[in-house]
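Below you'll find the structure, written out as structure tokens, and then a few comments.
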Amino acid sequence: MIILLGAPGAGKGTVAALLTGANGWRHVSTGDMLREAVKAGSPVGLQAKAYMEKGELVPDDVILGLVRERLAADGDVRYLFDGFPRTRAQAEGLDRLLAAFGARVDGVFLLEVPREVLIDRLAGRRVCRQCGAVFHVRNMPTRVEGVCDRCGGPTYQRPDDNEATVANRLDVYQRQTEELIGFYRARGLLHVVDAAGAVEATRDQIAAHLPAAM
Ligand code: ADP
Ligand code: ZN
75 MIILLGAPGA GKGTVAALLT GANGWRHVST GDMLREAVKA GSPVGLQAKA
125 YMEKGELVPD DVILGLVRER LAADGDVRYL FDGFPRTRAQ AEGLDRLLAA
175 FGARVDGVFL LEVPREVLID RLAGRRVCRQ CGAVFHVRNM PTRVEGVCDR
225 CGGPTYQRPD DNEATVANRL DVYQRQTEEL IGFYRARGLL HVVDAAGAVE
275 ATRDQIAAHL PAAM
């Protein structure tokens with residue numbers, strides 16, 4: 075299993091979409107799973123909604139429950155985790171889960187981006203309501219405004235991409251997630267990637283270290 079680590083706006087989801095599919099790695103975004111749960115009005119969604127709107131983290135046990143269910147349903151696959159783990163408790167929980175499934179963390183890629191670039195990316199981000207594809211009003215616009223290039227669905231601005239919530243999400247990242255850099259570096263799993271440029275350049279840096287799919 076591979077983990078993509080980095081602040082909100084670092085491009086984890088965008089680069090994951092480029093890395094999956096073709097080579098057998100599957101993209102697992104806890105943010106996407108939570109947004110689906112909110113849309114469906116499931117118990118997890120009802121619990122998660124208020125946290126997400128404020129840019130706070132959803133409780134660790136909820137997240138670990140989602141990931142456990144996903145692993146149990148999929149069986150023997152290789153995941154590219156995007157936005158998970160986000161706390162030390164989640165990282166430790168992931169180790170226990172993977173051990174139970176006979177898997178492990180193979181590598182962790184830290185996507186490094188300066189703060190002003192993060193803010194610009196988040197402020198201009200547009201997401202497809204239907205397929206989750208990510209665009210940017212200036213850097214990666216859709217061919218037709220408001221219409222997803224991939225599936226034709228409507229694009230929208232995530233409610234948590236407003237200025238105040240973005241600032242809080244970046245603080246939450248610094249307070250709760252950044253310590254995972256040291257956690258994985260100490261285990262020799264961390265690769266630092268310059269993710270400030272084009273998404274293809276980020277992809278190539280990761281692909282160079284990605285074990286080939288089984
Ligand atoms: P971003 O990385 O741009 O913040 P995500 O889609 O990964 O976007 O996450 C959106 C929101 O979903 C987060 O602000 C948080 O509330 C919740 N969330 C997603 N993944 C996790 C996680 N692993 N642990 C706790 N909360 C999470
Ligand atoms: Zn779409």
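Under this note's numbering, the first residue of the sequence shown is numbered 75, with each subsequent residue one higher. Note that beta-carbon positions come from the ideal geometry of N, C-alpha and C, so glycine has one too. Please read these numbers as outputs of a predicted model, since none were measured by experiment.
Give the secondary structure of residue i by DSSP, where H, G and I count as helix, E and B as strand, and everything else as coil.
i: residue 112; result: helix
i: residue 234; result: helix
i: residue 75; result: coil
i: residue 175; result: coil
i: residue 264; result: strand
i: residue 246; result: helix
i: residue 132; result: coil
i: residue 156; result: strand
i: residue 229; result: strand
i: residue 219; result: coil
i: residue 181; result: strand
Assign residue i to one of two classes, buried (16 or more other C-beta atoms within 10 Å of its C-beta) or exposed (fewer than that).
i: residue 101; result: buried
i: residue 138; result: buried
i: residue 258; result: buried
i: residue 247; result: buried
i: residue 122; result: buried
i: residue 256; result: exposed
i: residue 83; result: buried
Roughly how many whole angstroms lie between the Cα atoms of residue i and residue j?
i: residue 277; j: residue 91; result: 10 Å
i: residue 254; j: residue 224; result: 34 Å
i: residue 189; j: residue 239; result: 15 Å
i: residue 252; j: residue 119; result: 26 Å
i: residue 271; j: residue 79; result: 17 Å
i: residue 288; j: residue 99; result: Any reading at residue 288 must be qualified, since the residue scores a pLDDT of 36, below 50, and its modelled position is unreliable; the value itself is stated next. C-alpha separation (whole angstroms): 9 Å.
i: residue 163; j: residue 134; result: 7 Å
i: residue 203; j: residue 166; result: 32 Å
i: residue 206; j: residue 105; result: 11 Å
i: residue 107; j: residue 147; result: 14 Å
i: residue 140; j: residue 175; result: 15 Å
i: residue 117; j: residue 130; result: 18 Å
Does the distance from the C-beta atom of residue i to that of residue j stay below 9 Å?
i: residue 76; j: residue 169; result: no
i: residue 86; j: residue 194; result: no
i: residue 245; j: residue 126; result: no
i: residue 275; j: residue 192; result: no
i: residue 151; j: residue 264; result: no
i: residue 94; j: residue 154; result: yes
i: residue 161; j: residue 279; result: no
i: residue 88; j: residue 187; result: no
i: residue 236; j: residue 128; result: no
Assuming residue i and residue j make a contact with CB atoms under 8 Å, what is their CB distance in whole Å?
i: residue 215; j: residue 221; result: At roughly 11 Å, the Cβ-Cβ gap does not stay under 8 Å, so residue 215 and residue 221 are not in contact.
i: residue 217; j: residue 198; result: So it is not a contact: roughly 16 Å between Cβ atoms.
i: residue 230; j: residue 200; result: 7 Å
i: residue 269; j: residue 196; result: 14 Å between Cβ atoms; not a contact.
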